[in-house]
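*Asks:* Below you will find the structure I want to go over with you.
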Amino acid sequence: ELILKEMNEKEWEKQMTELLGDAYKCFLRLNCPEDDSLWQSVKFKHQIHDGTIFEVEALCNAFMALNGIKSTPSIPISWEQKRLLFRFAAKEAEKLFPALGISSISMKKKRK
Numbered sequence: 006e007l008i009l010k011e012m013n014e015k016e017w018e019k020q021m022t023e024l025l026g027d028a029y030k031c032f033l034r035l036n037c038p039e040d041d042s043l044w045q046s047v048k049f050k051h052q053i054h055d056g057t058i059f060e061v062e063a064l065c066n067a068f069m070a071l072n073g074i075k076s077t078p079s080i081p082i083s084w085e086q087k088r089l090l091f092r093f094a095a096k097e098a099e100k101l102f103p104a105l106g107i108s109s110i111s112m113k114k115k116r117k
């Protein structure tokens, strides 16, 4: 039973890591790194806080799932908390999937 539980946990972690990778790919298609000043604009602050930028939401949710963080919709989250979660998620994904970021940079150069 313990071996089965460990296998299930490893499989779950693998699936959540893949989910984070998929969410990161979608985020990279926005062509706007998480440290870009655009994210500081009032318009984007509201959109991130409200969850209307789906690529950012997917990245944050995948990061939370991978790290065992449960979302509590009844407790409101501030813009600063959401921004911090977004930055942690992007940094973690960048660390786990460095090749994705490199391919994104090379695609930008080809477009110019």
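For what it's worth, this note's numbering labels the leading residue of the sequence shown as 6, then goes sequentially. No residue lacks a Cβ here, since even glycine has one placed at the ideal position from N, Cα and C. These figures come from a predicted structure and were not determined experimentally.
Near Leu28, what residues of its chain come up, given a Cβ to Cβ distance below 6 Å and the 5 sequence neighbours on each side ignored?
*Replies:* The residue you call residue 28 lines up with position 23 of the sequence shown. Note on identity: in this sequence residue 28 is Ala, with Leu being the wrong assignment. Once the five neighbours on either side are set aside, the close Cβ partners of Ala28 are Ala63, Leu64 and Ala67.
*Asks:* Which of the three DSSP states is assigned to Asn72 in this structure?
*Replies:* Sequence index remark: in the sequence shown, residue 72 carries index 67 (1-based). DSSP places Asn72 in coil when its eight states are reduced to three.
*Asks:* Pick helix, strand or coil for Asp27, following the three-state DSSP scheme.
*Replies:* In the sequence shown, counting from the first residue as 1, residue 27 sits at position 22. Asp27 falls in the helix class under three-state DSSP.
*Asks:* Please list, in chain order, all residues of the same chain as Ala98 whose beta carbon is under 6 Å from its beta carbon, the five residues on each side excluded.
*Replies:* What you label residue 98 is simply residue 93 of the sequence shown in a count that begins at 1. Leu25 and Tyr29, listed in sequence order.
*Asks:* Among Ser42, Lys15, Pro81 and Arg92, which residue has its Cα nearest to the Cα of Asp55?
*Replies:* Translated into positions along the sequence shown, residue 55 becomes position 50. With distances taken between Cα atoms, Asp55 lies closest to Pro81.
*Asks:* Taking its Cβ as the centre, do 16 or more other Cβ atoms sit within 10 Å of Val47, making it buried, or is it exposed?
*Replies:* For the purposes of this step, residue 47 is taken as the residue at position 42 of the sequence shown. The residue is exposed, with fewer than 16 neighbouring Cβ atoms inside 10 Å.
*Asks:* Got a sec? Which residues, its chain only, sit under 7 Å from Cys31 by beta carbon, not counting five neighbours each side?
*Replies:* Counted from its first residue, the sequence shown places residue 31 at position 26. Within the same chain, Cys31 has close Cβ partners Glu60 and Ala63.
*Asks:* Roughly how far, in whole angstroms, is the beta-carbon of Arg92 from the beta-carbon of Ile53, given that I think they are within contact range, below 8 Å?
*Replies:* Numbered from 1 along the sequence shown, position 87 holds the residue referred to as residue 92. Numbered from 1 along the sequence shown, position 48 holds the residue referred to as residue 53. At roughly 11 Å, the Cβ-Cβ gap does not stay under 8 Å, so Arg92 and Ile53 are not in contact.
*Asks:* Can you find the residues in the same chain that come closer than 6 Å, C-beta to C-beta, to Phe102, ignoring five residues on each side of it along the sequence?
*Replies:* Residue 102 sits at position 97 when you count from the first residue of the sequence shown. Taken in chain order, the residues that qualify are Gly26 and Tyr29.
*Asks:* Between which two residues does the alpha helix (DSSP H) harbouring Arg92 extend?
*Replies:* Mapped onto the sequence shown, residue 92 falls at position 87. Residues Trp84 to Leu101.
*Asks:* Closest Cβ-Cβ distance between Val61 and chain B: below 8 Å?
*Replies:* No chain B is present in this structure, which holds just one protein chain.
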